[in-house]
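Report on the following structure.
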Ligand SMILES: [Zn+2]
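Residue numbers (the numbering used here): 127 to 537.
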């Protein structure tokens, strides 16, 4: 009778990096406080003891006292601007309204002027500075829109600047062509001519040059009406763009129902979402609701998107900054999470979903971004937060201490 051999401990496998000692790794295995990472991907999340028993790490990060969260994903930003509009902010304090500000040379057309005057190198430097601000606040992936060029040449320059700035900073970017942001001044007398230009020249050229994966339109009074939005979006869809839509920010013009009909990736704002729009989103459950709660704060708007009703109807959603110089001058998703909790009544877990996996799903990145499960990209942030309930509880301060993209720390 042979004696049974004593069980041998299982062989340890190599891993590039072990992150240990955290106050918790959120959004993954219950009770996990450590991450094992190789080749830029998450190998495993678990307790430090479990992971040390399984892996021999080449490098380690002691994250003592910090909370581990997936790298933030900002699914709605306008970073391709060359100058802020702080002067305008003073005019608003004096009581000037939107039209009076425009008459003084402010508003979106002033951003267009600045982008047109900037060289591609100068614009790239501005976008890179914006991406670095976003990264300091934990954003590792973003959607980045053009939309302050409003001519083929200047939209192309804006999108090239976005890609060059992404390469320079390590920001992971999905670019969106928002040439239908506003009718530029030179076409104010003949907006149909600009729509022709969008559909016949700008959208095809941008697609041909692979400068943007999605197209976006601002459907609103003073921007594009529903018929123009339909023509632009149908053309974009025909050309193979994903569709994203700004709708129901101040007036419910039917843009939400159009977004659902055309199977857009997302329809964003929704501060004045109609019952019919909500019903269309609830029937679809595929088109993401883009929640931008810092905007009504910034604009002193009384209306908020009906986030609780959307979530109750199981509409997929994300929370984003809408970072731009005119209506939301914050690059911080923790700040957006704060406004989501205050104004939209989201829980901390719902806010986290909104700035991570919900956002990734809206960009078609739900299999690789926004979670710290095995096989996902090792994009993560270490935050000075005692627990998840503190996400968005404090405001006006940055909880993000360290930022990692594909397992490498951004410095
Ligand atoms: Zn926007």
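Cβ coordinates follow ideal geometry from the N, Cα and C atoms, glycine included.
TODO: Would you kindly work out how many angstroms separate the C-alpha atoms of residue 288 and residue 206, rounded to a whole number?
DONE: When rounded, the distance between both Cα atoms is 7 angstroms.
Task: residue 204 Cβ short of 7 angstroms to ligand 1 heavy atom set - done: yes
TODO: Can you give me the start and stop residues for the alpha helix (DSSP H) that residue 252 sits inside?
DONE: 246-262
- [ ] Identify which residue in 470, 462, 406 and 195 has its Cα closest to the Cα of residue 428.
- [x] 470
Task: Counted within 10 angstroms of its Cβ, other Cβ atoms place residue 127 as buried (16 or more) or exposed - done: Confidence at residue 127 is low in this model, with a pLDDT of 48, below 50, so its placement is unreliable and the value that follows should be read with caution. Exposed, because fewer than 16 other Cβ atoms sit within 10 Å of the Cβ of residue 127.
- [ ] Could you tell me the distance, in whole angstroms, from the CA atom of residue 294 to the CA atom of residue 400?
- [x] When rounded, the distance between both Cα atoms is 42 angstroms.
Open item on the list: Could you check whether the region 476-489 touches the region 433-453, counting it as contact only if at least three pairs of C-beta atoms, one from each stretch, sit closer than 8 angstroms?
Closed with: These segments touch.
TODO: Could you name each continuous alpha helix (DSSP H) segment of 4 residues or more that falls completely within the region 282-360, going from the start of the chain to the end?
DONE: List check, alpha helix (DSSP H) in window: 317-323 and 329-334.
Open item on the list: Quick check: what's the CA-CA separation for residue 292 versus residue 283?
Closed with: 14 angstroms
Task: Distance cut-off 7 angstroms: residue 289 Cβ against heavy atoms of ligand 3 - done: Ligand 3 is absent from the structure shown, which contains only ligand 1.
Open item on the list: Output needed for residue 461: all residues of its chain with C-beta closer than 7 angstroms, excluding positions within five of it in sequence on either side, in chain order.
Closed with: 420 and 521
TODO: Determine, using beta carbons only, whether residue 396 and residue 431 come nearer to each other than 8 angstroms.
DONE: Taking the C-beta atoms as reference points, residue 431 is found nearer than 8 angstroms to residue 396.
Task: Run of the alpha helix (DSSP H) containing residue 424, from where it starts to where it stops - done: 420-424
TODO: May I ask you to verify whether the region 216-225 touches the region 495-514, counting CB pairs closer than 8 angstroms and requiring at least 3?
DONE: no
Open item on the list: I need the boundaries of the alpha helix (DSSP H) containing residue 183, first residue and last residue.
Closed with: Where residue 183 is concerned, there is no enclosing alpha helix (DSSP H), although the beta strand (DSSP E) it sits in stretches over 181-188.
TODO: From the DSSP output, in three-state form, read off residue 486 for me.
DONE: Looking at residue 486 - three-state DSSP - the assignment turns out to be helix.
Task: Cα-Cα separation between residue 381 and residue 455, rounded to whole angstroms - done: Put simply, the backbone Cα of residue 381 is about 25 angstroms away from that of residue 455.
Open item on the list: Here's a check: name, in chain order, each residue in its chain whose Cβ is nearer than 7 angstroms to the Cβ of residue 266, leaving out the five neighbours to either side.
Closed with: Closer than 7 angstroms at Cβ, skipping near neighbours: 197, 198, 298, 505, 529 and 531.
Task: Selection from 403, 195 and 362 that minimises the alpha carbon distance to residue 160 - done: 195
TODO: Assuming residue 448 contacts residue 202 (C-beta within less than 8 angstroms), just tell me the rounded distance between them.
DONE: 5 angstroms
Task: For residue 302 and residue 271, believed in contact at Cβ under 8 angstroms, the rounded distance - done: 4 angstroms
Task: Where residue 146 sits in the DSSP three-state scheme - done: strand
- [ ] Report all residues from its chain with a CB closer than 6 angstroms to the CB of residue 519; omit the five preceding and five following residues, and keep chain order.
- [x] none
Open item on the list: Rounded to the nearest angstrom, what separates residue 352 and residue 152 at their Cα positions?
Closed with: Take the alpha-carbon of residue 352 and the one of residue 152: they are about 41 angstroms apart.
TODO: Give me the Cα-Cα distance between residue 141 and residue 174, rounded to the nearest whole angstrom.
DONE: 14 angstroms
Open item on the list: By alpha-carbon positions, which one of 218, 379 and 180 ends up nearest to residue 426?
Closed with: Of 218, 379 and 180, the residue nearest in Cα terms is 218.
- [ ] Mark residue 383 as exposed unless 16 or more other C-beta atoms lie within 10 angstroms of its C-beta, in which case mark it buried.
- [x] buried
- [ ] Could you check the C-alpha separation between residue 523 and residue 468 for me, to the nearest Å?
- [x] 16 angstroms
Open item on the list: Within the continuous beta strand (DSSP E) that includes residue 163, where are the two ends?
Closed with: 160-164
Open item on the list: If you reduce the DSSP assignment to three classes, tell me which class residue 416 lands in.
Closed with: Strand at residue 416.
Task: Where residue 532 falls: helix, strand or coil (DSSP) - done: coil
- [ ] State yes or no: is the C-beta of residue 541 within less than 8 angstroms of the C-beta of residue 405?
- [x] A query on residue 541 cannot be resolved here, the shown segment of the chain reaching from 127 to 537 and no further.
- [ ] With DSSP collapsed to three states, give me the class of residue 452.
- [x] coil
Open item on the list: Which same chain residues end up closer than 6 angstroms to residue 481 when comparing Cβ atoms and leaving out the 5 residues on each side of it in sequence?
Closed with: Taken in chain order, the residues that qualify are 198, 445, 459 and 463.
Open item on the list: With the cut-off set at 8 angstroms, would you say residue 344 and residue 377 are in Cβ contact?
Closed with: no
Open item on the list: Among 423, 321, 390 and 403, whose alpha-carbon lies nearest the alpha-carbon of residue 412?
Closed with: 390
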